[in-house]
Amino acid sequence: MTERCDDMMNGSSFSLQKIEGLGVAVNPGNIAEYVKYVDSLVTWQRRDQIFYANLHSLYLCLRDPAVNELFRGATVMIDGMPIVAMLRTIGLRLSRHERVTWVDFIWPLLQRAHVRGWRVFWVGNESADLKAGLAVIRSRLPGLVIDGADGYFDSSAGASESRAVVDRINAFGADVCIVGMGTPRQERWIMDNRDNIDAPAVLAAGACMEYLAGAVATPPRWMGRWGLEWAYRLMENPARFGRRYLIEPWALLALITLRCLGVGKHRRRMAPRRQEPAAN
């Protein structure tokens, strides 16, 4: 969707370039750049939605063109070292710093919201996890204006329960709306309702609130830097993550192999390399 992401706060601009590889499109950037991008959306009241790409979402995108289309309508963070590694194999110059996972991204984002006085609305997760997670956020960032609605509602397009959630977001006056309902439900709900959500920035966050609430253990951060968080999650909850980490990757490998055998399908398209933002 957006090949150029402007940040004029310091009299400068930068771009989160959109690149394509293996049949999907992503916008590489580090945590600081994504925080600045959200800041620019809110500051200039420009609308965009930010999704994340990991092995699970890549598998869904390659398997289902409708899911791929959802992601093409958004700015997409790279969430996972395997995605970085795969894009490197087709010649893209990416580093581990361009892997942005919500466990690392959430606090810099909320700290910026606190400093700027943004209003944040969270949609998703079980009611107990949402309540516990919001309490953690409020205790760590007192004064941050944040509220939420759990994810147990009819999220189908045009559903009255879905419209009621959108009405709550707008009545709250959200500057940033974070949606954690799992892929592809959260992306589909965002795109179905985006025209009616007034918040400039809408972000898909998956299970982030579960980590904030302590319902799911956060992997040691060194494991994230080396792309090993999946192993920690698998050991912690094999019933939940067994299929995703032990079966889906093989199906994904088959899909990628078939795509790469197609003439030209594996080739990438790149926007001009972004201009580095001025230092704060």
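Throughout the sequence shown, residue numbering follows numbering that gives the first Met the number 0, covering 0 to 279 in sequence. Beta carbons: idealized from backbone N, C-alpha and C, even for Gly.
Whole-Å CB distance - residue i paired with residue j, under 8 angstroms assumed
i      : j      : result
Ala198 : Ile168 : 6 angstroms
Glu97  : Pro27  : 4 angstroms
Trp43  : Ala204 : Rounded, the Cβ-Cβ distance is 23 angstroms, inconsistent with contact.
Ala212 : Ala131 : 4 angstroms
Asp149 : Glu125 : 6 angstroms
Glu280 : Asp103 : Nothing can be reported for residue 280: it is not among the residues displayed for the chain, which extend from 0 to 279.
Trp188 : Ser138 : With a Cβ gap of about 29 angstroms, Trp188 and Ser138 do not count as contacting.
Alpha carbon of residue i to alpha carbon of residue j, nearest angstrom
i      : j      : result
Cys60  : Ala52  : 9 angstroms
Gly72  : Ala24  : 10 angstroms
Thr74  : Ile49  : 5 angstroms
Arg272 : Gly181 : Model confidence at Arg272 stands at a pLDDT of 41, short of 50, so the residue's coordinates are unreliable and nothing is read from them.
Ile89  : Leu57  : 16 angstroms
Leu254 : Gly79  : 18 angstroms
Pro81  : Val99  : 12 angstroms
Ala93  : Ile77  : The amino acid at residue 93 is misidentified as Ala; the sequence shows Leu. Approximately 10 angstroms, taken between the alpha carbons.
Val165 : Pro219 : 35 angstroms
Asp47  : Met190 : 10 angstroms
Gly261 : Ala250 : 17 angstroms
Val144 : Arg62  : 39 angstroms
Gly116 : Gly142 : 9 angstroms
Arg232 : Tyr244 : 9 angstroms
Glu32  : Arg45  : 16 angstroms
Asn236 : Arg258 : 32 angstroms
Leu252 : Asn67  : 17 angstroms
Thr256 : Asn195 : 40 angstroms
Arg95  : Thr217 : 19 angstroms
Ala158 : Pro64  : 24 angstroms
Met176 : Met234 : Residue identity check: residue 176 is Cys in the sequence provided, not Met. Roughly 32 angstroms separates the two Cα atoms.
Arg242 : Glu228 : 15 angstroms
Under 8 angstroms between C-beta atoms of residue i and residue j
i      : j      : result
Glu160 : Phe171 : no
Trp121 : Leu133 : yes
Arg118 : Asp38  : no
Glu247 : Leu69  : no
Ile136 : Cys207 : no
Leu91  : Ile30  : no
Leu140 : His113 : yes
Minimum C-alpha distance to residue i - residue among the options
i      : options                           : result
Lys35  : Leu252, Val66, Arg62 and Leu15    : Leu15
Val178 : Gly123, Glu235 and Gly157         : Gly123
Val83  : Leu21, Ala127 and Leu140          : Leu21
Asn192 : His113, Thr217, Glu209 and Arg162 : Arg162
Arg111 : Leu40, Asp128, Arg62 and Arg45    : Leu40
Glu186 : Ile196, Glu228 and Leu202         : Leu202
Arg239 : Val215, Ala158 and Leu252         : Val215
CB contact check: residue i to chain C, cutoff 8 angstroms
i      : result
Gly123 : Going by chain labels, chain C is absent from the structure shown, which holds only one protein chain.
**Study point:** Whole runs of the alpha helix (DSSP H) within the segment 46-113, excluding any shorter than 4 residues
**Key:** If we require 4 residues or more, the alpha helix (DSSP H) runs fully inside the segment 46-113 come out as 54-62, 64-71 and 80-88.
**Study point:** Runs of alpha helix (DSSP H) wholly within the segment 133-192 (minimum 4 residues, chain order)
**Key:** Correct list: 159-171 and 184-192.
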